[in-house]
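Visitor: Protein chains in written order, with this note's numbering: chain H, 1 to 213; chain R, 214 to 426. Before we start, here is the structure in question, set down as structure tokens.
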DNA sequence: GGTTTTACTGAATCGCTGTTCAGTTAGCTT
DNA sequence: AAGCTAACTGAACAGCGATTCAGTAAAACC
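Right, here's the structure in full:
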């Protein structure tokens, strides 16, 4: 039987874990199933990750970083900022299969009462916000975006008109966009008949346009 | 030891289950803990609900119906439609404690791979949409709301301009509002430092205003 | 007051699954 | 080629927790 270096095996196991979570969910995740998926013994999984809890936490971080990696590449193109923003948003969206989204909903649930997972999600979320926020700022600088609306919203809030920098406003804007995307993903899973992927996509476009017109 | 009628006991057990889920989450929910919360034997819980899975499903439906009941009352006031819409939206929002929201995130996760729970959530979601949708239609009739924006969005979508009734448009509008609320709730839980309840509230107001200006 | 129904319990069961551990062997080093 | 390190396995363990079941006693009913 072929042996592999620890780092390679760990990667394989993480990938298998992610697949397993996506296909059957966290509730019924068994270490044995992850191992079986690779034709390995359950002991090996524990050998590499010490505990199931740690395995799960690592798997979420792994999946999250993968998505982020792709997003960062999309954000680093030479296209105009507006287009790059669109690309990144499209990538975040549950366009094709809702399958890949299920893992995040499962992850939220796990994060509710597990501080390790929770902080992983906080971090991933902030990374996404940073990507979007920077794209927004970039677009503002080249005047692809206005910001009329966001400014108005921010000034109406309790913060008061002073002390809100452009980047803070962009952060908030990113937060709103991501929130909308998350919420729509949930809708897509629980009421797929009421929202088709296409309408969903157009709604998101409209939302972004309203934020940055 | 005091005995109670089956229906009363069931209610008690459901309430206790909801509390238990809210405080420690679904992952670690044990029948024994629910029973202990009421000073009863675990066997009794099973006696009434046959299986843990059924108990959990019933608990979600129970909690959901409770929230809906309150929402319907808020929607049936004599206030102007705009105000009632506000009230219902505020009630849906995670204003005070995020605690009550955790159960829904847990519920989504459970619904991902449990068709019983999933359909419960579909139903609850449709109920919420109906409430909002009817309020929107009511507001339109009295011309408290315009609908300029929503019309424009709908016509831009793949459906084509024909065949979209007012009530369909209101439904879609409700879907978008609920999605935004769901997404913001998730944000509030995983990045409470980046969004205060107040700003969140103002964002929602702005969103609704944009939809119905 | 007796009988039946039905809420309720305690203890035992039983399956499941994460984890341990003693041992095996592939593959690198020298 | 010998030896060491580290990946890997199989079988056993262990604990948890849902479910069962035989039995108890409140109510409800007559």
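All residues carry an ideal CB built from backbone N, CA and C; glycine is no exception.
(1) Rounded to the nearest angstrom, what separates residue 414 (chain R) and residue 386 (chain R) at their Cα positions?
(2) Can you check the region 45 to 132 of chain H for any beta strand (DSSP E) of at least 3 residues that lies completely inside it and give the ranges in chain order?
(3) Return the Cβ separation of residue 399 (chain R) and residue 108 (chain H) in integer angstroms, given the expectation that the two are a contact with Cβ distance under 8 Å.
(4) Identify the continuous alpha helix (DSSP H) that holds residue 378 (chain R) and give its terminal residues.
(5) Quick check: what's the CA-CA separation for residue 291 (chain R) versus residue 311 (chain R)?
(6) Output the boundary residues of the alpha helix (DSSP H) element that contains residue 250 (chain R).
(7) Relative to the C-alpha of residue 249 (chain R), which residue among R:230, R:221, R:284 is closest?
(8) Specify whether the region 296 to 304 of chain R and the region 340 to 356 of chain R touch according to this definition: at least 3 beta carbon pairs, one from each stretch, less than 8 Å apart.
(9) Residues of chain R with a CB under 7 Å from the CB of residue 102 (chain H): which are they?
(10) Of the residues that make up the region 185 to 204 of chain H, which ones have a beta carbon closer than 8 Å to any beta carbon in chain R?
(11) Using beta-carbon positions only, say whether residue 26 (chain H) and residue 106 (chain H) come within less than 8 Å of one another.
(12) Is there a Cβ of chain R sitting closer than 8 Å to that of residue 33 (chain H), yes or no?
(13) Do we get a CB-CB distance below 8 Å when we pair residue 238 (chain R) with the residues of chain H?
(14) Mind checking if residue 329 (chain R) is an interface residue toward chain H, Cβ cutoff 8 Å exclusive?
(15) Three-state secondary structure (DSSP) at residue 425 (chain R)?
(16) Leaving out the 5 sequence neighbours to the left and right, which residues in its chain are closer than 8 Å to residue 327 (chain R) when beta-carbon positions are compared?
(17) Note the first and the last residue of the continuous alpha helix (DSSP H) segment covering residue 7 (chain H).
(18) For residue 359 (chain R) and residue 352 (chain R), what's the separation of their Cα atoms in angstroms?
(19) Using a beta-carbon distance below 8 Å, is residue 183 (chain H) in contact with chain R?
(20) Could you tell me if residue 28 (chain H) is buried or exposed, where buried requires 16 or more neighbouring beta carbons within 10 angstroms of its beta carbon?
(21) Hey, out of R:272, R:260, R:215, whose CA is closest to residue 235 (chain R)'s CA?
(22) For chain H, is any of its Cβ atoms less than 8 Å away from the one on residue 319 (chain R)?
(23) Taking only beta-carbon positions, decide if residue 136 (chain H) is within less than 8 Å of chain R.
(24) Would you please verify whether the beta carbon of residue 5 (chain H) is less than 8 Å from any beta carbon of chain R?
(25) Since residue 338 (chain R) meets chain H, which of its residues come closer than 7 Å, beta carbon to beta carbon?
(26) Which residue wins for smallest C-alpha separation from residue 279 (chain R), given the options R:257, R:289, R:227?
(27) What does the alpha-carbon distance come out to for the pair residue 75 (chain H) and residue 137 (chain H)?
(28) Where does residue 120 (chain H) land, buried or exposed, given buried means 16+ other C-beta within 10 angstroms?
(29) I believe residue 424 (chain R) touches residue 402 (chain R) by the beta-carbon criterion, under 8 Å. Please report the beta-carbon distance rounded to the nearest angstrom.
(30) Should residue 147 (chain H) be flagged as near chain R, meaning a C-beta pair shorter than 8 Å?
(31) Pull out every residue of the region 70 to 82 of chain H whose Cβ sits closer than 7 Å to any Cβ of chain R, in chain order.
(32) Any C-beta of chain H within less than 7 Å: which residues of the region 252 to 278 of chain R qualify?
(33) At the level of alpha carbons, what is the spacing between residue 208 (chain H) and residue 83 (chain H)?
(34) Just to confirm before moving on: does the CB-CB distance between residue 348 (chain R) and residue 294 (chain R) stay below 8 Å?
(35) Measuring only between beta-carbons, confirm whether residue 10 (chain H) sits less than 8 Å from chain R.
(36) Buried or exposed for residue 412 (chain R), please, with buried defined as at least 16 other CB atoms from any protein chain shown within 10 angstroms of its CB.
Guide: Reading from the atomic positions:
(1) 18 Å
(2) none
(3) 6 Å
(4) Note, residue 378 (chain R): premise wrong, no alpha helix (DSSP H); not H, not E.
(5) 30 Å
(6) Segment 244 to 251, the alpha helix (DSSP H) holding residue 250 (chain R).
(7) R:230
(8) yes
(9) 325
(10) 186, 187, 189, 190, 191, 194, 195, 196, 198, 199, 202, 203
(11) Taking C-beta atoms as the reference points, residue 26 (chain H) and residue 106 (chain H) count as a pair closer than 8 Å.
(12) no
(13) yes
(14) no
(15) Of the three classes helix, strand and coil, the one that applies to residue 425 (chain R) here is coil, per DSSP.
(16) Counting only Cβ-Cβ distances below 8 Å, and skipping sequence neighbours, we find 266, 270.
(17) 6 to 24
(18) 9 Å
(19) yes
(20) So residue 28 (chain H) ends up on the exposed side.
(21) R:272
(22) yes
(23) Chain R contact via Cβ: absent.
(24) no
(25) Per Cβ cutoff of 7 Å: 190, 191.
(26) Closest by alpha carbon: R:227.
(27) 13 Å
(28) buried
(29) Contact doesn't hold; Cβ gap of about 24 Å is too wide.
(30) At least 8 Å separates the CB of residue 147 (chain H) from every CB of chain R.
(31) none
(32) none
(33) Between residue 208 (chain H) and residue 83 (chain H), the C-alpha separation is close to 12 Å.
(34) yes
(35) no
(36) buried
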